[in-house]
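Enquirer: Right, I'll just put the structure down here and ask away after.
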């Protein structure tokens, strides 16, 4: 599983989304690719290592899953 750089403590506002093509969206924190959302028959969340992490009926919900994962990996505010 790919995680954001340990020296950075990203917040969800640090997640940048880019459309790769009409069926693929890439999520980045800084220079790290943290995951991808691909539309097949549903929106599939893939972590940075390519492992499927979830299936959704909306793009917004798939993006929210990755953004929540970033918050979880970052830990509580002020904790290093």
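Residue numbers (my numbering): 1 to 80. Backbone N, C-alpha and C fix where the C-beta goes; we use that ideal spot for every residue, glycine too.
(1) Can you tell me whether residue 28 is helix, strand or coil according to DSSP?
(2) Using DSSP with H/G/I as helix, E/B as strand and the rest coil, what is residue 23?
(3) For residue 23, collect the residues of the same chain with a Cβ closer than 7 Å to its Cβ; drop the 5 residues on either side in sequence, then sort them by chain order.
(4) Give me the residue from 58, 65, 60 and 29 with the minimum Cα distance to residue 46.
(5) Grab the span of the beta strand (DSSP E) containing residue 52 for me, first residue to last.
(6) Roughly how many angstroms separate the alpha carbons of residue 16 and residue 43, rounded to a whole number?
(7) With a 10 Å radius around its C-beta and 16 neighbouring C-beta atoms as the bar for buried, classify residue 68 as buried or exposed.
Expert: Quick look at the numbers:
(1) The residue labelled residue 28 in the question sits at position 28 within the chain shown. It is a strand residue.
(2) By 1-based counting over the chain shown, the position of residue 23 is 23. Residue 23: coil per DSSP, three-state reduction.
(3) Here residue 23 corresponds to residue number 23 of the chain shown, with the count starting at 1. Close CB contacts of residue 23 within its chain, under the 7 Å cut and outside five residues either way in sequence, are with 38 and 39 (chain order).
(4) Taking the first residue of the chain shown as position 1, residue 46 is located at position 46. Considering only alpha carbons, the answer is 65.
(5) Counting from 1 along the chain shown, the entry for residue 52 is found at position 52. Its beta strand (DSSP E) spans residues 52 to 56.
(6) Your numbering for residue 16 matches position 16 in the chain shown. Your numbering for residue 43 matches position 43 in the chain shown. Straight-line Cα distance between these residues: approximately 18 Å.
(7) Here residue 68 refers to the residue found at position 68 when the chain shown is read from its first residue. Exposed, by the Cβ-count rule.
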